[in-house]
Each structure stands twice: as C-alpha cells, then as structure tokens.
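In our numbering, the protein residues as written are 61 to 317. The beta carbon of each residue, even a glycine, is placed where N, CA and C say it ideally should be. Bear in mind the structure is a predicted one, so any value in this text is a computation, not a measurement. Report on the structure given below.
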Amino acid sequence: MADVMDIVIVASAFGMDAVRAQGHLKCAQASRRAGAAGFEVRRELFAGEAEAAPQRLRALGCAIAELGLWSVFSTPAALYTADGRLDAAALRLAFDEASALGARFVKLQLGGFVRDAAGAEIAEQTQDSNVRLVVENGQLAEGGSLTQFVGLFDALAREEHAHVLGMTFDIGNWAWRDVAPLEAAAQLAPHVEYIHCKTTMGEGARRFSAAPAADDTRFIAVLDRLPRDVPRGIEFPLDATRVEADAAHYVEWLAAV
61 MADVMDIVIV ASAFGMDAVR AQGHLKCAQA SRRAGAAGFE VRRELFAGEA EAAPQRLRAL
121 GCAIAELGLW SVFSTPAALY TADGRLDAAA LRLAFDEASA LGARFVKLQL GGFVRDAAGA
181 EIAEQTQDSN VRLVVENGQL AEGGSLTQFV GLFDALAREE HAHVLGMTFD IGNWAWRDVA
241 PLEAAAQLAP HVEYIHCKTT MGEGARRFSA APAADDTRFI AVLDRLPRDV PRGIEFPLDA
301 TRVEADAAHY VEWLAAV
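This is the structure:
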C-alpha cells in the first residue's frame, strides 16, 4: 500500500491560454476541488509582469492558503549562467518572489552548471528563508543532462553544502535528453524532494507531454525508485472537456500508485 503523500497540480496542466485568461487563482480553486494538497504557480504563465509585483504575489499566496493549499513558485530562470557561474541575481529575485507568495518550494532550472556549485553563496542567500530551493531537470541540453545533476550534488558535497538545495525530478523531461528515467532515478533519488509526473508521446520536435497510463509499468517503476514521502506534481495536460473530473482522477491515482 502506498504511503500518504501530497499531490500538487501544476498550473500548466490547465493549459497556458486558460491560466493566462482566467488567472492562477481559478486554477488553484479547481485544484482544491479536485483534492490536491498543493498548487504550483508558474511565473511564465503570468498575463503580465504586474502579476509578479510583491503585493500581487502576497494576495495570490494568501488566497491559495485560504483554500487550504500550500504552494510552489516556479520560475524559468536558471540557477547558473551559460558560463557556469551562480546567477546570484536570479536566485535573489526568485526567493523574493517566492517569499512574497508564501511558497514552500521555489523551483529554478539548473542552467549551465559545470563544476563549481558555489554552495556557500547559495547557503548565505537562502539561510534565513522558509522557502526550500529545488532545481529541475529541463528539456534542453543545458540544465537537462544527467551528468550535470550528478556533478552538481557531488560538488555540493565536496563544498560541504550538500543540503543547501534539492531536486525536482521531472520524469518526462528526461525523454528530451534521451536518458532513461529509471537510470536517472537510481543516481539522483537521494536528492529528490519534489516529483513532476508526466510521460511523453511522439519523437523529436513532435514530442509532447502526456498523462501516464494506468498500466505504464516503466513510469510506475520510476516512482517506486524515488522517495515515497515527497510531493508528486501533475504536470501533464488535463482533458479540456472534463478538466476537474480528470484532475480528481489523477490526484487519487497518483496518491495511490
């Protein structure tokens, strides 16, 4: 029997156009009705930059909390620049915005990490915050390779800052890098604190995110290899003809599988 775990619905599951037209709060309300415990706010889905203003984020965060949900703040910003340096300004902005929202996690892309993790600098910027920093494996070569993530956590351990950040393990995104998710899970499971759940359909430029099938043994094997006490996020498109029923179905399924 599966452990009890929190299921998060990611705003993008409702569709980019729907989120921008209706706003994140409407999607959070639907997530609560579907039985989710958390909701992921996506900065790139704001209708305009004004939505990232501190007072707007605080209002949104309070409204989400009043629904009984906790939140994740996701930004497309990268933790490391293309030349491998820590992007301190991007990290600071992400934490400021996530703190205004009242988020439990702030999620960034990894970016161009090479060998120096700058763990001490990350620790200094994050030590007084209640927001937990996680980095996600992306779909691009930069910030999406298994070698980069193994190297990141090895570097943090060498720098004696192993616990300064965790990982968002996106099961589906490994397909864009031709990495078997089970292989990645075997190497990265100790660092995983949040899971993005999706599979993919198609190939190459025609590859796109999809909901896992109930009998997808490979997907279930990856979940079994990852920690069972971390939140699982629905990050695949919900059926637009029955959004809330579909959301409720996958909330129940992901909590039990």
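{"Check": "Here's the rule I'm using: 16 or more other beta-carbon atoms within 10 Å means buried, otherwise exposed. How should Gln187 be labelled?", "Outcome": "exposed"}
{"Check": "Tell me, please, which residues DSSP counts as bridged to Leu169.", "Outcome": "First, the amino acid is wrong: residue 169 is Gln here, not Leu. Paired residues: Ala138, Glu196."}
{"Check": "Rounded C-beta distance between Trp236 and Arg267? I'm assuming under 8 Å.", "Outcome": "7 Å"}
{"Check": "Could you round the C-beta distance between Arg192 and Arg164 to whole angstroms and report it? I think they count as a contact, below 8 Å.", "Outcome": "6 Å"}
{"Check": "Between Glu157, Ala201, Arg288, which lies nearest to Phe173 when the distance is taken from Cα to Cα?", "Outcome": "Ala201"}
{"Check": "Let me confirm a value: Ser189 is counted as buried when at least 16 other C-beta atoms fall within 10 Å, else exposed. Which label applies?", "Outcome": "exposed"}
{"Check": "Which of the three DSSP states is assigned to Glu104 in this structure?", "Outcome": "helix"}
{"Check": "For Ala270, which residues does DSSP report across the bridge?", "Outcome": "Thr259"}
{"Check": "Please name the residue in Pro287, Phe296, Ala183 whose C-alpha comes closest to that of Ala217.", "Outcome": "Ala183"}
{"Check": "By Cβ distance, which residues of its chain are closer than 7 Å to Pro114, with the 5 residues on each side in sequence left out?", "Outcome": "Ala160"}
{"Check": "Rounded to a whole number of angstroms, what is the C-alpha to C-alpha distance between Ala81 and Phe133?", "Outcome": "19 Å"}
{"Check": "What residue does the beta strand (DSSP E) around Ile69 start on, and which one ends it?", "Outcome": "67-70"}
{"Check": "Kindly list the residues whose CB is nearer than 6 Å to the CB of Ala90, restricted to its own chain and excluding five residues on each side of it in sequence; keep chain order.", "Outcome": "Glu304"}
{"Check": "Three-state secondary structure (DSSP) at Ile294?", "Outcome": "strand"}
{"Check": "Please state whether DSSP places Glu181 in a helix, a strand or coil.", "Outcome": "helix"}
{"Check": "Should Gly264 be labelled buried (16 or more other beta-carbon atoms within 10 Å of its own) or exposed?", "Outcome": "exposed"}
{"Check": "Let me check one thing: in DSSP terms, what residues is Thr228 bridge-paired to?", "Outcome": "Glu196, Tyr254"}
{"Check": "On the DSSP bridge assignment, give the partners of Trp130 in chain order.", "Outcome": "Gly98"}
{"Check": "With a CB to CB cut of under 7 Å and the five nearest residues on each side skipped, what residues in its chain are close to Phe279?", "Outcome": "Ile231, Thr259, Pro272"}
{"Check": "Consult DSSP for Leu286 and reduce its assignment to one of helix, strand or coil.", "Outcome": "coil"}
{"Check": "Glu157 and Ala123 - do their beta-carbons sit closer together than 7 Å?", "Outcome": "no"}
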